[in-house]
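All letters in the sequence shown, in the order written, are residues 0 to 137 by numbering that gives the first Met the number 0.
Take a look at the structure set out below.
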Amino acid sequence: MLEATTRTANISFDGRILTTELLEDVVIEIEDVNDNYNIVMDIINADPAKEKKYVSLVITAQHNSITKEAREDANKAEKYRYCLAQAIVIKSLATRLLGNFFIRFAKPNCPQKIFQNREDALQWLEMQWNSAMDEKAA
0 MLEATTRTAN ISFDGRILTT ELLEDVVIEI EDVNDNYNIV MDIINADPAK
50 EKKYVSLVIT AQHNSITKEA REDANKAEKY RYCLAQAIVI KSLATRLLGN
100 FFIRFAKPNC PQKIFQNRED ALQWLEMQWN SAMDEKAA
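Structure follows, in structure tokens:
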């Protein structure tokens with residue numbers, strides 16, 4: 000498993016699932032989005048022989064936020080070019096409501112879904128991965 004830590008997140012990759020666990024009490028700025036993205040690219044490109052496609056698990060902290068500019072930058076299509084699906088685990092009800100609103104109206108660049116717990120998120124990501132691999136094999 001490949002791992003890295005940034006100012007705002009712990010990031011790990013097992014060859015299929017990219018996990019981003021956001022740290023408590025941080026405000027994510029546009030620079031953080033770019034730092035995290037660059038780390039992700041380094042991680043998924045670490046082994047050129049491996050498939051670059053992945054599913055993404057984002058686990059938010061109870062108390063963190065993202066600026067509007069950072070949110071807009073994080074949602075750019077090029078940042079999702081290898082992402083097959085993204086599950087977001089949100090613990091706060093208020094943040095979950097905002098997240099659902101954002102997904103509904105922001106037109107995400109890959110299938111995205113919000114969950115209350117990691118287990119349900121991982122189960123959904125497994126289905127998304129299998130579906131994408133079945134399509135690739137066909």
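In this text, a Cβ means the ideal position worked out from N, Cα and C, and glycines have one as well.
**OP:** Could you please give me the residues that DSSP links to K112 through a beta bridge?
**Re:** A86
Subject >> 3-residue-minimum beta strand (DSSP E) runs that sit fully inside the segment 7-69, ordered along the chain >> reply: 8-12, 16-21 and 53-58
**OP:** Compare the C-alpha of A138 against each of N116, S130 and M132 and name the closest.
**Re:** Past the edges of the chain, shown from 0 to 137, lies residue 138, and the structure says nothing about it.
**OP:** Starting from E2, follow the beta strand (DSSP E) in both directions and report where the run begins and ends.
**Re:** L1 to T4
**OP:** Buried or exposed for Q122, please, with buried defined as at least 16 other CB atoms from any protein chain shown within 10 angstroms of its CB.
**Re:** exposed
**OP:** Figure out for me which residue from K52, L1 and T7 has the closest Cα to the Cα of T66.
**Re:** T7
**OP:** Within 10 angstroms of the Cβ of V26, are there 16 or more other Cβ atoms? Answer buried if so, exposed if not.
**Re:** exposed
**OP:** Using only alpha-carbon positions, find the residue among L83, D41 and I38 that is nearest to N129.
**Re:** L83
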